[in-house]
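See below for the structure under consideration.
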Amino acid sequence: MVRRIVTDIEGTTTSIAFVTDTLFVHARRALPAFVRTHLGEARVTSALDAARAEAGQPDLSDEAVVALWLRWIDEDRKATSLKAIQGMIWEEGYHAGAYRSHVYPDVPGALARWKARGIGLSVFSSGSVLAQRLLFGHTIEGDLSGLFDGWFDTTTGKKADPASYARIAAALDAPPHEVLFLSDVKAELDAARAAGLLRVGLARDGASPFADHPTARSFDDIVIEGDAVLVR
Ligand SMILES: CSCCC(=O)C(=O)COP(=O)(O)O
Ligand SMILES: [Mg+2]
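The opening residue of the sequence shown carries number 426 in the working numbering; numbering runs sequentially from there.
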């Protein structure tokens, strides 16, 4: 029986274009001034220190960390410290009404249907838990954040590491074979399978199907019948 669904965000619930062209562009533009303005706040100090640890360079100045973060944005590095500072910047953007997040049109209905059947819904994304809550709280389809009761980011582990999925299943108090993971990235689907989870790959916007994972073009293609997960 599928008791839990855990979904990725970028490329799965939400277009890659929204994340790269809106969120990453805004974070890149706002980052230097944000760090200057909020320097000394515990959460910013902690993100700066985490970046120094991730870089293995404990003596980096604050300005050097900002430069490093900008480079990591350009390289799409999923560094936990970068994701933490991006979440804080996006919070200001969402609250100022600068943007609302994209979700594919099939997402709200499918999530609501699954939840109504008693399936618990969680998120596993490289974006920080703050960024995840903000994204689903400010979508073009309204506030979807209340549909979820579990939020996991890279503080749980890397998305290509099977141990992360074992940890998530344990945190959700569900055996791995009763947890369905949805993602657009093969390495993540491979890792979820290695940990014993069910999985469906999403091939959005004309992407090629996965060779070795069941593939859906939209959440509406996913049919859950007892123990079985079928793709139409
Ligand atoms: C939580 S919104 C921003 C998502 C993000 O920063 C990112 O890098 C996308 O990662 P995902 O694991 O959702 O593909
Ligand atoms: Mg993704």
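Positions of the beta carbon are idealized from the N, C-alpha and C atoms, including for glycine.
Quick caveat, the model's predicted, so the values are computed rather than measured.
| Query | Result |
| --- | --- |
| Coarse secondary structure for isoleucine 441, derived from DSSP in three states | helix |
| C-alpha gap between threonine 439 and leucine 485, whole angstroms | 35 Å |
| Aspartate 433: CB within 6 Å of a non-hydrogen atom of ligand 4 | Although ligand 4 was asked about, the structure shown includes only ligand 1 and ligand 2 as ligands. |
| Coarse secondary structure for isoleucine 649, derived from DSSP in three states | strand |
| One or two residues paired with alanine 641 in a DSSP bridge | Leu627 |
| Cβ-heavy atom distance, glycine 575 to ligand 1, below 6 Å | no |
| Three-way DSSP call (helix, strand, coil) for isoleucine 514 in this model | helix |
| Sequence-distant residues of the same chain with beta carbon closer than 8 Å to arginine 642, five excluded per side | Leu627, Ala628 and Arg629 |
| Separation of valine 625 from glycine 651, as counted between CA atoms | 16 Å |
| Within the stretch 461-549, ranges of the alpha helix (DSSP H) (whole runs, at least 4 residues) | 467-480, 487-499, 505-520 and 531-541 |
| Endpoints, alpha helix (DSSP H) assigned at leucine 605 | It is not in any alpha helix (DSSP H) - leucine 605 instead sits in the beta strand (DSSP E) that spans 604-608. |
| Per-residue burial, leucine 655 [other beta carbons within 10 Å of its own, 16 or more giving buried] | exposed |
| Reduced DSSP category for isoleucine 434 - H, G, I as helix; E, B as strand; rest coil | coil |
| Glycine 582 CB to nearest heavy atom of ligand 1 below 6 Å | no |
| Backbone CA spacing between alanine 467 and aspartate 474 [nearest angstrom] | 10 Å |
| Coil, strand or helix - valine 554 by DSSP | helix |
| Any 3 or more C-beta pairs closer than 8 Å across the stretch 604-619 and the stretch 562-580 | no |
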